[in-house]
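Residue numbers (UniProt numbering): 1 to 419.
A virtual CB, placed ideally from N, CA and C, is assigned to each residue, including glycine.
Source: prediction; values computed, not measured.
Shown next, in structure tokens, is the structure this report addresses.
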């Protein structure tokens, strides 16, 4: 089993998506990730998803998708007792993840310097919308706000449609992956130096790095990207999105070795022969090829063209929706998800890691935890007696799965808001 982070402990105080997704990546790699949640409330995503029965149980699909393989400790860290427990846990941990607005954790005695005092070699990862410094640092944001600000929407729409948002919250997920990447690098450096570090991971920065070549081109030459719509980034007339008899087809023919077989497969034999004889001359005529390609591709289905073009070395793919892609054999072979039972009788398919190791998918071994499922277990490992834990529960500092220790929703929300 591929568990490079086995033996490491992560304290994950983050909520919603980017932070929890970072913690999830570490859990997939074998780390013991302890998720800190507000008693009686938990992560906001526990109530989010398309299965009402799971939302009611506090195990919504939005929560399940990035919290498997973790343990849950329901702990009120706004109280002195809760903060003390969190620091004691951190003293025995390797990584600390938080995604409050910059300055919030420090104001509550839980910032990097505070936690470094109890664990000098701690890897402390702060995830935020705009980073720990800069004029926007105190602002909050969500994925769609960052998409609107970073410039990506100006490249994904068309001149007719105007700026268009990417449908999935890709900035959130990418930020989680970026944070996990940074944490893994910091852990490796710590082995050499013995020192910890404060990592500053921002959604805006991540979104900009997903357009790295665009940044370089603009700042170096003054070039400005234009809306690309569904066209290929190369803007080659022989690449991009084409209509077929039954749907859209993406084609990538960017060099003469791809253009010739494309033309031959489409039955444009004279053009193919001309391209083979005089590639330089054909490059000058590429813009005029588009109408001929469009007309030829309308003759058959997208699936037929996909099969035939790939057979001759021309990358092509029928435009699919999510359900279509996941229903295919290739998705099953790649083991993109793994089934788990969230609550008795309900199967949830949660994502695996985005790569395989020695041919095997990297999947969680336990489902996402119920709120406070491991509270007693984690505190006992910390050395607290049953009586001490019972007192913390009765004082509403610690919550458990049976609801003991929970505050009312109103008071729990207020506790969270005061952080």
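One alpha carbon belongs to residue 374, the other to residue 73, and they sit about 6 Å apart. Between residue 368 and residue 67, the C-beta spacing is below 8 Å. Per DSSP, the continuous alpha helix (DSSP H) segment holding residue 112 begins and ends at 112-118. In the displayed model, residue 81 falls within a helix according to three-state DSSP. In the DSSP annotation of this structure, the continuous segment of the beta strand (DSSP E) that includes residue 37 starts and ends at 32-37.
The three-state reading of DSSP puts residue 259 in helix, counting H, G and I together.
Taking C-beta atoms under 8 Å as the contact rule, residue 282 and residue 275 qualify, at a distance of about 4 Å. DSSP lists 35 and 97 as the beta-bridge partner residues of residue 12. In the structure shown, residue 127 falls within a strand segment according to DSSP collapsed to helix, strand and coil.
Annotated as distal: residue 42 and residue 49, with beta-carbon spacing of 8 Å or more.
In this structure, DSSP gives residue 349 an extended state, which the three-state scheme calls strand. Annotation for residue 23: the continuous alpha helix (DSSP H) segment containing it runs 18-28.
Taking the C-beta atoms as reference points, residue 39 is found nearer than 8 Å to residue 76.
Residues of the same chain with a CB within less than 6 Å of the CB of residue 9, apart from the 5 flanking positions on each side, are 32, 93 and 94 in chain order. Taking one beta carbon from each stretch, the region 129-144 and the region 97-109 have 3 or more pairs nearer than 8 Å; the two touch.
Residue 399 is bridged by DSSP to 74.
The beta-carbon distance between residue 333 and residue 340, rounded to whole angstroms, is 20 Å. This is too long to meet the 8 Å contact definition. A distance of 8 Å or more separates the beta carbons of residue 129 and residue 152.
Pairing residue 267 with residue 296 gives a Cβ-Cβ distance under 8 Å. For the 8 Å CB-CB criterion, residue 166 and residue 156 form a contact. For residue 198, the uninterrupted beta strand (DSSP E) run begins and ends at 197-202, by DSSP.
For residue 341, the enclosing beta strand (DSSP E) begins and ends at 337-343. The beta carbons of residue 238 and residue 259 sit closer together than 8 Å.
Distance check between residue 24 and each of 401, 362 and 390 places 362 closest, using alpha-carbon atoms only. The secondary-structure analysis by DSSP pairs residue 325 with nothing; it has no beta-bridge partner.
By the Cβ-count criterion, residue 63 is buried, with 16 or more other Cβ atoms from all chains shown falling within 10 Å of its own Cβ.
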